[in-house]
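Worksheet for the structure shown next.
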Amino acid sequence: QQQVKQSPQSLIVQKGGISIINCAYENTAFDYFPWYQQFPGKGPALLIAIRPDVSEKKEGRFTISFNKSAKQFSLHIMDSQPGDSATYFCAATVIKAAGNKLTFGGGTRVLVKP
Amino acid sequence: KAGVTQTPRYLIKTRGQQVTLSCSPISGHRSVSWYQQTPGQGLQFLFEYFSETQRNKGNFPGRFSGRQFSNSRSEMNVSTLELGDSALYLCASSSGVEEQYFGPGTRLTVT
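Going line by line, the protein sequences match chains A and B. Throughout, this note's numbering is defined as the position within the first sequence, counted from one, plus 1. Throughout, this note's numbering is defined as the position within the second sequence, counted from one, plus 1.
See below:
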C-alpha cells in the first residue's frame with residue numbers, strides 16, 4: 002500500500018525557472034512531512050520539513066506548501082539552478098508514535114537545464 | 002560533527018550467502034533506522050533501533066535482522082541472500098523523532 006504518492010516522476014526545468022513537486026498522503030495520522038534531496042551515489046539529505054499546523058514554510062529558494070484538508074503538500078524550488086539537479090523525495094511520519102519510521106513517496110528526478 | 006558513516010560502501014555477494022552491514026550514527030544520536038532503496042520499490046523502512054532495542058519494524062521477511070550496540074552503532078544482517086535483495090541499504094540517525102540524517106549507503110549486489 003503506497004501511502005504517499007509523489008508526482009511527477011521526472012521534470013525538466015530551465016535555469017531560473019520554478020520546479021514544483023506534489024505529494025498526496027492517505028494516513029491522516031501523519032504529522033511531520035520532510036523533503037529529501039538525493040544526488041547520485043549519495044544518501045538522501047534533509048532539505049526542509051513542515052508540520053500540519055503550518056500552511057507554508059520557506060527556507061531560501063525552497064518552499065513547502067501544505068493543504069491539510071486535501072491531504073496534499075508540495076515543494077517549490079524557486080530560481081532553479083543546475084546544481085539542484087537531483088532526485089527529490091517527499092516523506093511522512095507520525096511523530097507522536099514511538100520511534101522513527103518514514104514513509105517515502107516514489108521520488109521525482111529533476112533536471113535543470115542551463 | 003561527523004555525519005553518519007556506513008561500511009562497507011560496496012559489497013558483492015552470492016545468492017544464499019549472508020551479509021552484515023554496519024552503521025555509525027552521528028555522535029549523540031541514539032536512534033538508528035535502516036532503509037532499503039531499489040529502483041522498483043523506492044525507499045522502504047526496514048527497522049529502527051533506539052537504546053539497543055528495536056522500536057519499529059517494517060514489512061520485510063525475517064531474513065532481515067539488526068541490532069544496536071551500547072555506543073549506538075548498529076548492524077543489519079541479511080541471511081540467505083536472494084537476487085531481489087540487491088539494493089542500496091541506507092542508515093539514518095536521529096536524536097529525536099523528527100529529523101533523520103542519512104548515511105551514504107551500502108550498495109549490495111547479489112549474484
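All C-beta atoms in this analysis are idealised placements derived from N, C-alpha and C, irrespective of residue type, glycine included.
- Query: Just checking my contact of B/Gln37 with B/Tyr90 at CB under 8 Å: how many whole Å lie between their CB atoms?
  - Reply: Locating residue 37 of chain B in the second sequence gives position 36, counting from the first residue. Locating residue 90 of chain B in the second sequence gives position 89, counting from the first residue. That pair is a contact at about 6 Å.
- Message: Within 8 Å, do at least three Cβ pairs link the region 5-22 of chain B to the region 64-84 of chain A?
- Response: Counting Cβ pairs under 8 Å, fewer than three are found: no touch.
- Is it buried or exposed for A/Gln10, if we count other Cβ within 10 angstroms and need 16 for buried? Stepping through the first sequence from its first residue, residue 10 of chain A is reached at position 9. Counting every other CB atom within 10 Å of its CB across the protein chains shown gives A/Gln10 a total below 16, marking it as exposed.
- Task: Give me whichever residues DSSP pairs with B/Ser95 in a beta bridge.
- Result: Counting from one through the second sequence, the residue named residue 95 of chain B turns up at place 94. Beta-bridge pairing links B/Ser95 to B/Ser32.
- Message: Using a Cβ-Cβ distance cut-off of 9 Å, determine whether A/Ile22 contacts chain B.
- Response: Here the question's residue 22 of chain A lines up with position 21 in the first sequence. Under the Cβ distance rule, A/Ile22 does not count among the residues neighbouring chain B, no pair being separated by less than 9 Å.
- How about the region 70-84 of chain B and the region 15-25 of chain A: do they share at least three Cβ pairs that are nearer than 8 Å? Taking 8 Å as the limit for Cβ pairs, the verdict is that the region 15-25 of chain A does not touch the region 70-84 of chain B.
- Task: For A/Lys114, collect the residues of the same chain with a Cβ closer than 8 Å to its Cβ; drop the 5 residues on either side in sequence, then sort them by chain order.
- Result: Translated into positions along the first sequence, residue 114 of chain A becomes position 113. Contacts found: Ile13, Val14, Gln15, Lys16, Pro83.
- Under the rule that 16 or more other beta-carbon atoms within 10 Å means buried, what is B/Ala3, buried or exposed? To locate residue 3 of chain B, count along the second sequence from 1; it is residue 2. Answer is exposed; the Cβ neighbour count stays below 16.
- Task: Please compile the residues from chain A whose C-beta is within a distance smaller than 8 Å of the C-beta of B/Tyr90.
- Result: Indexing the second sequence from 1 puts residue 90 of chain B at position 89. Within 8 Å Cβ-Cβ: nothing; B/Tyr90 doesn't reach chain A, min ~10 Å.
- Item | Same chain, Cβ closer than 8 Å to B/Arg10, neighbours up to 5 away in sequence not counted | Locating residue 10 of chain B in the second sequence gives position 9, where the first residue counts as 1. Cβ within range, chain order: Pro105, Gly106, Thr107, Arg108.
- Query: By how many angstroms is the C-alpha of B/Pro40 removed from the C-alpha of A/Pro45?
  - Reply: Residue mapping note: residue 45 of chain A aligns to position 44 of the first sequence, counting from 1. Residue mapping note: residue 40 of chain B aligns to position 39 of the second sequence, counting from 1. Cα-Cα distance, rounded: 15 Å.
- So is A/Ile96 in contact with chain B if we call contact Cβ pairs under 9 Å? Taking the first residue of the first sequence as 1, we reach residue 96 of chain A at position 95. At a cut-off of 9 Å between beta-carbon atoms, A/Ile96 makes contact with chain B.
- Ignore the nearest five residues each way along the sequence and tell me which others in B/Lys14's own chain have a CB closer than 8 Å to its CB. Locating residue 14 of chain B in the second sequence gives position 13, counting from the first residue. Within the same chain, B/Lys14 has close Cβ partners Val20, Leu82, Leu109, Thr110, Val111, Thr112.
- Query: If you compare alpha carbons, which of A/Arg110, A/Tyr37, A/Gly106 is closest to A/Gln4?
  - Reply: On the first sequence, position 3 is the one that residue 4 of chain A refers to. Distance from the Cα of A/Gln4 is smallest, within the candidate group A/Arg110, A/Tyr37, A/Gly106, for A/Gly106.
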